[in-house]
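In numbering that gives the first Met the number 0, the protein residues as written are 0 to 212. Idealized CB from N, CA, C, for every residue including glycine. Read the structure below first, then the notes.
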Amino acid sequence: MERLAIFDVDFTLTSKETLAEFYLFVLKKNPKYIKYLPGILSSSLLYGCKIYDERKVKERVIAFINGIEEKDIQRTVKEFYHKVLNKILYKDALDIIKKMKKEGYKIILISASPELYLKELYNIKEVDLVMGSKFHCNDGKYVNKMMGENCKGEEKVRRLKAYLKEENIEVDFKESHMFSDSLADAPLLDLVGHPHLINFKKKHNKYEILNWK
Numbered sequence: 000m001e002r003l004a005i006f007d008v009d010f011t012l013t014s015k016e017t018l019a020e021f022y023l024f025v026l027k028k029n030p031k032y033i034k035y036l037p038g039i040l041s042s043s044l045l046y047g048c049k050i051y052d053e054r055k056v057k058e059r060v061i062a063f064i065n066g067i068e069e070k071d072i073q074r075t076v077k078e079f080y081h082k083v084l085n086k087i088l089y090k091d092a093l094d095i096i097k098k099m100k101k102e103g104y105k106i107i108l109i110s111a112s113p114e115l116y117l118k119e120l121y122n123i124k125e126v127d128l129v130m131g132s133k134f135h136c137n138d139g140k141y142v143n144k145m146m147g148e149n150c151k152g153e154e155k156v157r158r159l160k161a162y163l164k165e166e167n168i169e170v171d172f173k174e175s176h177m178f179s180d181s182l183a184d185a186p187l188l189d190l191v192g193h194p195h196l197i198n199f200k201k202k203h204n205k206y207e208i209l210n211w212k
């Protein structure tokens, strides 16, 4: 049976929110994307007022990908990884990934952030699987329409189990680990025998708290 080491991404592997960093990176390359900033700010406000859910917010925030050809996105995300994403990864997280891979764990990253750039985390050679929220690509061009559900909470568990079933992988969940900065990942944290909260500011009786830099 496989043992899994499951990691959230934003504020677990990275010290910053990746979608915001991706937008800022694209904006720096092409200032015309400043036109999307009012929509990003307003959607965040509407989310705070509980008018928008997270799926709607993400679709508004990532509206700048509309009409961009897949090949151009691929080129951009590769550059984003090397110039930004690679530089905001916690060293402690990478050390744990390398250690657990050597111990025989299957390394899985599951995030609510867009998979279109998170897939660059396969550059970490120990990573076996990256899963994130998916967006439509129609006729070779991206649109800000999410495919399926936002990859968060229970949806992460559903996607993980669907993958394991499809690949016919049996897992020893009691001996598996989950790392996350947020209690929103409680469904995955509760699935494993070794749940860990990263840089969590409060005490927690159920999960081990780890401080990463």
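Apart from the 5 residues on each side of it in sequence, residue 24 sits with its Cβ closer than 6 Å to the Cβ of 79, 83 in its chain, given in chain order. Contact annotation, residue 12 with residue 113: C-beta distance approximately 15 Å; criterion of less than 8 Å not satisfied.
Between residue 31 and residue 205, the alpha-carbon positions lie close to 47 Å from each other. Taking C-beta atoms under 8 Å as the contact rule, residue 178 and residue 6 qualify, at a distance of about 5 Å.
Judged by DSSP secondary structure, residue 22 falls within the alpha helix (DSSP H) whose first and last residues are 17 to 28. Checking the DSSP bridge columns, you'll see residue 132 partnered with 113. Here residue 194 has 177, 188, 206 as same chain residues with Cβ atoms under 6 Å from its own Cβ, once five neighbours each way along the sequence are excluded.
Following the DSSP letters along the chain, one finds residue 60 inside the alpha helix (DSSP H) bounded by residues 53 to 60. Counting other Cβ atoms within 10 Å of its Cβ, residue 164 stays below 16 and is therefore classed as exposed. Its chain contains 26 as the residues whose beta carbon lies nearer than 8 Å to that of residue 33, once the 5 sequence neighbours on both sides are disregarded; these appear in chain order. By the beta-carbon neighbour count (other beta carbons within 10 angstroms, threshold 16), residue 111 is buried. Counting only the Cα atoms, residue 140 lies some 39 Å from residue 199.
In this model, residue 123 and residue 154 are separated by some 24 Å (Cα to Cα).
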